[in-house]
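For the sequence shown, the working numbering assigns the number 60 to the initial residue and increments by one for each residue that follows.
Beta carbons: idealized from backbone N, C-alpha and C, even for Gly.
Report on one structure; see the data block that follows.
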Amino acid sequence: MTRPFELCGVPLRGRVLNGSGTFDAVAAHRAFGDELLEAFPFDAFVSKTITVEPREGNPPPRLWESPAGLINSIGLPNKGVAGFLREDLPRLGELPVPLVVSVMGFSRGELGALVAAAGERDEVEMLELNVSCPNVETGLVMGADPAETAAALEAVRPLTEKPLIVKLTPSATDPPAVAAAAEGVGADAISLVNTLRGMALDPRTRRPWLGAGTGGLSGPAIRPVALAQVAAVAERVRIPVIGMGGIASGRDAHDFLAAGADYVAVGTETFRDPTAGRRIASELNVISREERGFSEAAVT
Ligand SMILES: Cc1cc2nc3c(=O)[nH]c(=O)nc-3n(C[C@H](O)[C@H](O)[C@H](O)COP(=O)(O)O)c2cc1C
Numbered sequence: 060m061t062r063p064f065e066l067c068g069v070p071l072r073g074r075v076l077n078g079s080g081t082f083d084a085v086a087a088h089r090a091f092g093d094e095l096l097e098a099f100p101f102d103a104f105v106s107k108t109i110t111v112e113p114r115e116g117n118p119p120p121r122l123w124e125s126p127a128g129l130i131n132s133i134g135l136p137n138k139g140v141a142g143f144l145r146e147d148l149p150r151l152g153e154l155p156v157p158l159v160v161s162v163m164g165f166s167r168g169e170l171g172a173l174v175a176a177a178g179e180r181d182e183v184e185m186l187e188l189n190v191s192c193p194n195v196e197t198g199l200v201m202g203a204d205p206a207e208t209a210a211a212l213e214a215v216r217p218l219t220e221k222p223l224i225v226k227l228t229p230s231a232t233d234p235p236a237v238a239a240a241a242e243g244v245g246a247d248a249i250s251l252v253n254t255l256r257g258m259a260l261d262p263r264t265r266r267p268w269l270g271a272g273t274g275g276l277s278g279p280a281i282r283p284v285a286l287a288q289v290a291a292v293a294e295r296v297r298i299p300v301i302g303m304g305g306i307a308s309g310r311d312a313h314d315f316l317a318a319g320a321d322y323v324a325v326g327t328e329t330f331r332d333p334t335a336g337r338r339i340a341s342e343l344n345v346i347s348r349e350e351r352g353f354s355e356a357a358v359t
């Protein structure tokens, strides 16, 4: 298989990843069998975010469909790092594409423990730091503040030689400043955006629909916000940028690349179409070929 692209030194066959937490590759393998592996929808696979301790996630209901979007309050249910490494990682290691493990710590120490434990496993090619959570020691959302992000990254950078991707929250006041701070202390790539805080009311009771009260908005509704943030971050940093937020077609993906992203990720669209990653990649190839045709025609 040819791998003409390269992200942080890891060869990739294309430029379309999944958004963390939006595609369960282990369950999909069970449902679709080896056909899934033969035509895997993404060029690298990003795991759901794992935490040190197991988490049950938020109380139901956890999803609300909004106009052109989805609000989720899943709440990071996961087996904890020990369960993940023992049960899920060997299966994810069988995927035909490089594996990125997403981690979230509620303190710099927790983040470090996750990075060290996942980073030493051969199945793991890269780590993504999901910094959209409060640091229980400082009370600050790690990824909302440049100094807090830099301090977290400085603490974990020496613990692995594997590439570290920092995933930004769109709720930061100045996402390019957060990205620049991460780059300054050794981040290898930036991914953005995570979800935006949203709320929906039960039409009968006028009480919050979601068990957690609020959740994260994703899907086409957030695409213009994501595109603006990706453009601003790409302008500011030299490391690769992975853009996401409402990408549902090759045209959308092409917009993110034109705005400065090096790679794109697809999340909510895979709920409608589990093969969306492949479709978007092939639409993107057609658009790129057409563009090359136009520019060659203009030269001749
Ligand atoms: C149901 C659901 C679960 C998610 N879980 C995670 C997660 O575990 N870790 C994370 O970094 N982002 C998570 N996200 C955010 C996505 O990875 C992505 O950043 C966001 O949804 C924007 O992309 P999209 O509009 O294409 O979905 C989740 C999103 C959804 C919809």
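Do the CB positions of residue i and residue j come within less than 9 Å of each other?
| i | j | result |
| --- | --- | --- |
| Gly178 | Glu242 | no |
| Ala248 | Ile298 | yes |
| Leu200 | Val183 | According to the sequence displayed, residue 200 carries Val and not Leu. No, the Cβ-Cβ distance between Val200 and Val183 is not below 9 Å. |
| Ser166 | Ala203 | no |
| Gly309 | Leu251 | no |
| Arg331 | Gly305 | no |
| Leu276 | Gly257 | yes |
| Gly326 | Gly80 | yes |
| Leu430 | Gly245 | There is simply no residue 430 to check, as the chain begins at 60 and stops at 359 in what is shown. |
| Leu205 | Ala240 | According to the sequence displayed, residue 205 carries Pro and not Leu. Yes, Cβ-Cβ distance for Pro205 and Ala240 is below 9 Å. |
| Leu154 | Phe104 | yes |
| Leu286 | Val215 | no |
| Arg114 | Tyr322 | no |
Any heavy atom of ligand 1 within a distance shorter than 8 Å of the CB on residue i?
| i | result |
| --- | --- |
| Lys221 | no |
| Arg114 | no |
| Thr254 | yes |
| Ala127 | no |
| Gly164 | no |
| Ala285 | yes |
| Asn117 | no |
| Ile249 | no |
| Lys107 | yes |
| Glu207 | no |
| Thr393 | Since the displayed the chain opens at 60 and closes at 359, residue 393 lies outside it and no answer follows. |
| Ile306 | yes |
| Thr327 | yes |
| Ile281 | yes |
| Ser191 | yes |
| Ser161 | yes |
| Ala177 | no |
| Leu122 | yes |
| Lys226 | yes |
| Ile339 | no |
| Ala312 | no |
Three or more C-beta pairs below 8 Å linking the segment 260 to 273 and the segment 130 to 138: yes
Which runs of the alpha helix (DSSP H) at least 4 residues long sit entirely within the segment 228 to 309? Give them in chain order. 234 to 243, 282 to 295
Contact between the segment 134 to 154 and the segment 67 to 75: three or more CB pairs below 8 Å? These segments do not touch.
Which runs of the beta strand (DSSP E) spanning at least 3 residues fall entirely within the segment 140 to 219, listed in chain order? 158 to 162, 185 to 189
What are the uninterrupted segments assigned as alpha helix (DSSP H) that are 4 or more residues long and contained completely in the segment 61 to 108, given in chain order? 84 to 91, 93 to 97
Between the segment 95 to 106 and the segment 331 to 344, are three or more C-beta pairs nearer than 8 Å? yes
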